[in-house]
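Structure first, commentary second.
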Amino acid sequence: MPFGNTHNQMKMKYSSEQEYPDLSKHNNHMAKVLTQDMYKKLRERATPSGFTIDGVIQTGVDNPGHPFIMTVGCVAGDEETYEVFKDLLDPVIEDRHGGYKPTDKHKTDLNSDNLKGGDDLDPNYVLSSRVRTGRSIRGFSLPPHCSRGERRAVEKLSIEALASLSGDLKGKYYALKNMTEAEQQQLIDDHFLFDKPVSPLLLASGMARDWPDARGIWHNDNKTFLVWVNEEDHLRVISMQKGGNMKEVFTRFCTGLTKIESLFKERSHEFMWNEHLGYVLTCPSNLGTGLRAGVHVKLPNLSKNAKFEEVLKKLRLQKRGTGGVDTAAVGGVFDISNADRLGFSEVELVQMVVDGVKLLVDMEKRLEKGQSIDDLMPAQK
Amino acid sequence: MTKNCHNDYKMKFSVDDEFPDLTKHNNHMAKALTKEIYAKLRSKSTPSGFTVDDVIQTGVDNPGHPFIMTVGCVAGDEESYEVFKDLLDPVISDRHGGYKPTDKHKTDLNFENLKGGDDLDPNYVLSSRVRTGRSIKGFTLPPHNSRGERRAIQNLSIEALSSLEGEFKGKYYPLDGMTDAEQEQLIADHFLFDKPVSPLLTCAGMARDWPDARGIWHNDNKTFLVWVNEEDHLRVISMQKGGNMKEVFRRFCVGLQKIEEIFKKHNHGFMWNEHLGYILTCPSNLGTGLRGGVHVKLPKLSTHPKFEEILTRLRLQKRGTGGVDTASVGGVFDISNADRLGSSEVEQVQLVVDGVKLMVEMEKKLEKGESIDGMIPAQK
Numbered sequence: 001m002p003f004g005n006t007h008n009q010m011k012m013k014y015s016s017e018q019e020y021p022d023l024s025k026h027n028n029h030m031a032k033v034l035t036q037d038m039y040k041k042l043r044e045r046a047t048p049s050g051f052t053i054d055g056v057i058q059t060g061v062d063n064p065g066h067p068f069i070m071t072v073g074c075v076a077g078d079e080e081t082y083e084v085f086k087d088l089l090d091p092v093i094e095d096r097h098g099g100y101k102p103t104d105k106h107k108t109d110l111n112s113d114n115l116k117g118g119d120d121l122d123p124n125y126v127l128s129s130r131v132r133t134g135r136s137i138r139g140f141s142l143p144p145h146c147s148r149g150e151r152r153a154v155e156k157l158s159i160e161a162l163a164s165l166s167g168d169l170k171g172k173y174y175a176l177k178n179m180t181e182a183e184q185q186q187l188i189d190d191h192f193l194f195d196k197p198v199s200p201l202l203l204a205s206g207m208a209r210d211w212p213d214a215r216g217i218w219h220n221d222n223k224t225f226l227v228w229v230n231e232e233d234h235l236r237v238i239s240m241q242k243g244g245n246m247k248e249v250f251t252r253f254c255t256g257l258t259k260i261e262s263l264f265k266e267r268s269h270e271f272m273w274n275e276h277l278g279y280v281l282t283c284p285s286n287l288g289t290g291l292r293a294g295v296h297v298k299l300p301n302l303s304k305n306a307k308f309e310e311v312l313k314k315l316r317l318q319k320r321g322t323g324g325v326d327t328a329a330v331g332g333v334f335d336i337s338n339a340d341r342l343g344f345s346e347v348e349l350v351q352m353v354v355d356g357v358k359l360l361v362d363m364e365k366r367l368e369k370g371q372s373i374d375d376l377m378p379a380q381k
Numbered sequence: 001m002t003k004n005c006h007n008d009y010k011m012k013f014s015v016d017d018e019f020p021d022l023t024k025h026n027n028h029m030a031k032a033l034t035k036e037i038y039a040k041l042r043s044k045s046t047p048s049g050f051t052v053d054d055v056i057q058t059g060v061d062n063p064g065h066p067f068i069m070t071v072g073c074v075a076g077d078e079e080s081y082e083v084f085k086d087l088l089d090p091v092i093s094d095r096h097g098g099y100k101p102t103d104k105h106k107t108d109l110n111f112e113n114l115k116g117g118d119d120l121d122p123n124y125v126l127s128s129r130v131r132t133g134r135s136i137k138g139f140t141l142p143p144h145n146s147r148g149e150r151r152a153i154q155n156l157s158i159e160a161l162s163s164l165e166g167e168f169k170g171k172y173y174p175l176d177g178m179t180d181a182e183q184e185q186l187i188a189d190h191f192l193f194d195k196p197v198s199p200l201l202t203c204a205g206m207a208r209d210w211p212d213a214r215g216i217w218h219n220d221n222k223t224f225l226v227w228v229n230e231e232d233h234l235r236v237i238s239m240q241k242g243g244n245m246k247e248v249f250r251r252f253c254v255g256l257q258k259i260e261e262i263f264k265k266h267n268h269g270f271m272w273n274e275h276l277g278y279i280l281t282c283p284s285n286l287g288t289g290l291r292g293g294v295h296v297k298l299p300k301l302s303t304h305p306k307f308e309e310i311l312t313r314l315r316l317q318k319r320g321t322g323g324v325d326t327a328s329v330g331g332v333f334d335i336s337n338a339d340r341l342g343s344s345e346v347e348q349v350q351l352v353v354d355g356v357k358l359m360v361e362m363e364k365k366l367e368k369g370e371s372i373d374g375m376i377p378a379q380k
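One line per chain: the protein sequences are A and B, in this order.
Note that full-length UniProt numbering gives residue 26 to position 26 of the first sequence, counting from 1, and the numbers run on in steps of one.
Note that full-length UniProt numbering gives residue 285 to position 285 of the second sequence, counting from 1, and the numbers run on in steps of one.
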């Protein structure tokens with residue numbers, strides 16, 4: 001893959017028209033936004049590490065789009081991408097994140113004490129609770145662009161930081177490239193193991209290079225706190241457990257994340273963050289909190305109700321199948337999570353999930369008894 | 001034009017930090033690339049900006065096939081073979097039977113130098129085919145080229161091909177503009193190529209921007225076919241039913257030379273030098289880039305214990321009728337030359353013609369229950 005920007009200089013021999021991608025059959029955020037004039041302006045630039053506009057858009061050019069899901073179609077190669085290519089990325093961000101403006105400020109709140117309730121979602125309906133986010137380590141380029149040396153440095157720093165966690169968070173790191181068969185099987189059974197990406201959306205951006213070098217999974221002994229190293233982002237952090245105690249899941253999430261962040265800071269490395277975009281991640285769809293908080297919840301009656309989609313929309317929630325994005329629901333069990341990432345804090349997003357799921361379960365119980373849910377319909381949040 | 005930002009950025013990390021883990025790998029690149037070679041090459045790049053990490057990415061991402069020794073590295077431009085010769089020379093030597101950095105390669109596209117080849121028995125030889133690749137000088141190669149370059153190659157190719165006449169008169173079908181009917185027909189003719197799915201190719205970056213500036217040209221007779229911007233700038237194929245390899249090779253040589261003339265007129269000849277012959281993306285295709293082969297019925301010979309030995313001695317290889325990595329069906333094999341570099345086009349096709357003639361005679365003997373011991377050839 002041409003990561004060097006010498007090739008960018010060579011490409012300038014060709015006119016902007018000659019180099020501009022054919023997006024006539026495309027349906028993704030990048031294709032909606034990238035005009036010829038914009039491309040002409042941005043093609044001369046590169047970030048300090050050498051990431052260019054063609055690096056940003058390659059995945060969106062190679063993947064014209066999904067009929068049902070609007071993909072983003074562009075990625076960041078480093079922190080500076082969001083500044084150097086703001087002419088493209090600001091409109092993509094605005095379109096993807098509900099009108100978020102270039103002048104807007106994003107609020108971070110990882111104080112789990114600020115979450116009201118969330119410890120009493122009915123476990124007869126709410127089977128499991130989970131919160132995930134991503135973090136990027138400042139000073140390194142991102143998965144589409146990083147070299148083996150950078151990726152290994154990220155892994156090394158992560159192992160060091162995670163190894164000093166204690167108490168409920170004490171755990172172990174499993175490098176993808178040298179786990180034993182037994183370890184691998186256990187991680188699969190626990191639903192923890194991630195494998196080399198197969199989605200062309202990810203492959204086309206270069207994130208799977210050198211697999212499985214410097215990739216791994218860390219989890220605590222209790223199997224309730226999990227960190228993926230060097231998959232789609234430098235770090236993906238996940239807190240999860242059976243049942244409906246989202247408060248506990250979120251508390252562990254915040255405590256663990258904050259602890260990890262201070263361990264990185266002790267080693268002179270921060271997370272990429274700024275007051276406009278919040279936490280900076282590879283995919284523009286994960287900016288802000290990068291947070292997806294969700295439950296697996298039984299809603300066999302509600303999910304067949306004519307107003308189900310509308311209710312979700314009003315609650316600012318989205319549904320997925322229990323296999324995650326792009327899967328179908330099985331046995332009336334849905335994955336319900338926050339739809340937003342940017343422009344709301346972590347506490348606000350988890351509050352929406354907690355309040356929204358509580359309401360959805362109340363509605364389900366009503367429908368079970370053959371009662372109406374009309375008086376329960378929420379206002380637009 | 002030699003400033004290569006991310007390559008300079010990577011230099012902050014030590015050789016040990018950047019050197020790939022090749023412990024589980026089995027390909028030519030992994031066999032040849034030592035830390036010392038990597039240390040020497042990592043600060044370099046070709047004038048267009050191709051670096052050693054680009055050369056080796058496909059080999060790092062694809063540890064290897066248990067049965068097939070893959071090459072594990074690609075060129076991004078003509079200069080790759082010079083700038084990274086410390087890696088590519090040993091790969092070439094290993095892949096091409098000991099070919100040395102000082103060896104000279106001979107090109108011979110004079111079909112009249114082929115002896116015989118017009119009388120392979122069509123009861124056994126079902127079809128004959130010759131293919132090769134060509135790269136257009138002045139452009140980078142498929143792992144590295146930009147959309148502008150790829151489109152320029154397509155434009156030049158369309159111009160060149162549309163000026164062909166007589167038996168070569170034909171039509172170009174761009175991949176992103178063909179109708180359903182055209183697509184159906186090209187599939188039925190076994191001409192259509194699709195977006196590469198093999199990770200060997202996708203990891204090298206050859207499928208970027210698909211299907212932009214990719215297409216298929218063929219003559220009206222459907223005996224001469226050119227692929228544009230797949231794994232190489234051009235892949236040129238001559239084929240027909242039956243055993244007249246001489247005719248297939250004649251058409252191949254004549255067509256290739258006509259095309260080359262037209263590109264030269266536009267100051268874009270083919271990449272060639274007297275050491276490596278024709279320069280192509282994959283080091284395995286250097287030299288002639290030629291694979292001349294037949295589909296031939298050898299149900300008895302193929303089950304004979306000496307079959308493999310005979311092929312080796314004749315410098316031939318077998319494949320299934322679906323091409324590389326497929327199995328043979330109904331005793332029909334694809335038999336072609338094993339060599340690419342160090343012998344000329346005429347020499348390689350001669351080996352196929354003579355070798356297949358011998359194997360068909362062996363098949364006939366075995367049909368009659370006779371021995372073939374007296375026919376086993378010497379090592380060519």
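Glycine is no exception: its CB is placed at the ideal position from the N, C-alpha and C atoms.
Note that the structure is predicted; figures quoted are calculated from it, not measured.
Would you say B/H6 faces chain A, with C-beta separation under 9 angstroms as the test? Yes, B/H6 lies at the interface with chain A (some Cβ there is under 9 angstroms from its Cβ).
Short CB-CB distance (under 9 angstroms) between A/A153 and chain B: A/A153 counts as touching chain B.
Chain A within 9 angstroms of B/V74, Cβ atoms only: False, the Cβ-Cβ gap to chain A never drops below 9 angstroms.
Through-space distance from A/L226 to A/H276, alpha-carbon basis: One C-alpha to the other measures close to 28 angstroms.
Please classify B/S14 as buried or exposed, where buried requires at least 16 other C-beta atoms within 10 Å of its C-beta. It counts as exposed.
Is the beta carbon of A/H145 sitting closer than 9 angstroms to the one on A/F271? The Cβ atoms of A/H145 and A/F271 do not sit closer than 9 angstroms to each other.
If you follow the beta strand (DSSP E) that B/M29 is part of, which residue opens it and which one closes it? Per DSSP, B/M29 belongs to no beta strand (DSSP E); it is in the alpha helix (DSSP H), 28-32.
Can you tell me where the beta strand (DSSP E) holding A/N220 begins and where it ends? Start and end: 216-220.
What is the rounded straight-line gap between the Cα of B/I262 and the Cα of B/Y81? Between B/I262 and B/Y81, the C-alpha separation is close to 26 angstroms.
Which runs of the beta strand (DSSP E), 3 residues or longer, sit entirely within the region 192-242 of chain B? Here the runs fully enclosed are 215-219, 224-228, 234-241.
With a CB to CB cut of under 7 angstroms and the five nearest residues on each side skipped, what residues in its chain are close to A/L263? Closer than 7 angstroms at Cβ, skipping near neighbours: A161, S164.
Please name the residue in B/G242, B/R291, B/I279 whose C-alpha comes closest to that of B/F252. That would be B/R291, whose Cα lies nearest to the Cα of B/F252.
Alpha carbon to alpha carbon, what distance is there between B/G117 and B/L358? Whole-angstrom Cα-Cα distance: 12 angstroms.
How would you write the range of the alpha helix (DSSP H) that A/K116 sits in, first residue to last? It is not in any alpha helix (DSSP H) - A/K116 carries neither H nor E in the DSSP assignment.
For A/K242: DSSP bridge partner residues: Looking at the DSSP assignment, A/K242 forms a beta bridge with A/S128.
With a threshold of 6 angstroms on Cβ separation, who are the neighbours of A/E183 within its own chain once the five nearest residues in sequence on each side are excluded? Closer than 6 angstroms at the Cβ level, and outside the excluded window around A/E183, lie Y174.
Spatial distance of B/A338 from B/R129 (CA atoms): Answer to the nearest angstrom: the Cα atoms are 15 angstroms apart.
Report the neighbours of B/V60 on chain A: residues whose CB is nearer than 7 angstroms to its CB, in chain order. The contacting residues are D210.
Quick check on B/V353: does DSSP put it in helix, strand or coil? In this structure, B/V353 counts as helix in the three-state DSSP scheme.
Cα-Cα, which of A/H106, A/N114, A/K242 is closest to A/V347? A/V347 has its Cα closest to that of A/N114, out of A/H106, A/N114, A/K242.
Would you say the beta carbon of A/V333 is closer than 8 angstroms to some non-hydrogen atom of the ligand NAP? In the structure shown, the ligand NAP is absent, as is every other ligand, since no ligand is present at all.
Helix, strand or coil at A/A293 [DSSP, three-state]: Three-state result, A/A293: strand.
Alpha helix (DSSP H) containing A/I137: first to last residue? Taken as a continuous stretch (DSSP letters only), A/I137 belongs to no alpha helix (DSSP H), as it is neither H nor E.
On the three-state DSSP scale, how would you describe A/T258? Reduced to three states, the DSSP call for A/T258 is helix.
Would the region 183-202 of chain B and the region 40-53 of chain B be scored as touching if the rule is three or more Cβ pairs under 8 angstroms? Too few Cβ pairs lie closer than 8 angstroms, so no.
Let me know the secondary structure DSSP gives A/K25 once reduced to three states. Coil at A/K25, not helix or strand.
Measuring alpha carbon to alpha carbon, tell me which residue in A/S158, A/H296, A/I217, A/G149 is nearest A/G332. Nearest Cα to A/G332 within the set A/S158, A/H296, A/I217, A/G149: A/H296.
Cβ-based contacts, 8 angstroms cut-off: residues of the region 272-292 of chain B near chain A: Listed by position, the residues of the region 272-292 of chain B near chain A (Cβ gap below 8 angstroms) amount to none.
Run the CB neighbour count on B/Q350, radius 10 Å, all protein chains shown included, and call it buried at 16 or more, exposed below. Per the 10 Å Cβ criterion, buried.
So B/R208 contacts chain A; which residues on that side make the cut at Cβ distance below 7 angstroms? Those within 7 angstroms of B/R208 in chain A are Q58, D62.
Leaving out five residues before and five after A/P91 in sequence, what residues of the same chain have Cβ atoms less than 7 angstroms from its Cβ? Shown here for A/P91: same chain residues with a beta carbon closer than 7 angstroms to its own, the five before and five after excluded, namely V33 in chain order.
Going by DSSP, what residues sit across from A/Q318 in a beta bridge? The partner list for A/Q318 (beta bridge, DSSP) reads A/S337.
If you follow the beta strand (DSSP E) that B/K171 is in, where does it begin and where does it stop? Residues 170-174.
Spatial neighbours of B/K3 within its chain, please: CB distance less than 6 angstroms, with the 5 preceding and 5 following residues excluded, ordered by chain position. For B/K3, the predicted structure reports a pLDDT of 49, less than 50, and the residue's modelled location is therefore unreliable. A value from the coordinates is still provided. Excluding sequence neighbours, B/K3 sits near nothing in its chain.
I need the boundaries of the beta strand (DSSP E) containing A/K40, first residue and last residue. A/K40 -> not in any beta strand (DSSP E); alpha helix (DSSP H) instead, spanning 36-42.
In angstroms with no decimal places, state the Cα-to-Cα distance between B/R147 and A/S16. B/R147 and A/S16: Cα-Cα distance of roughly 10 angstroms.
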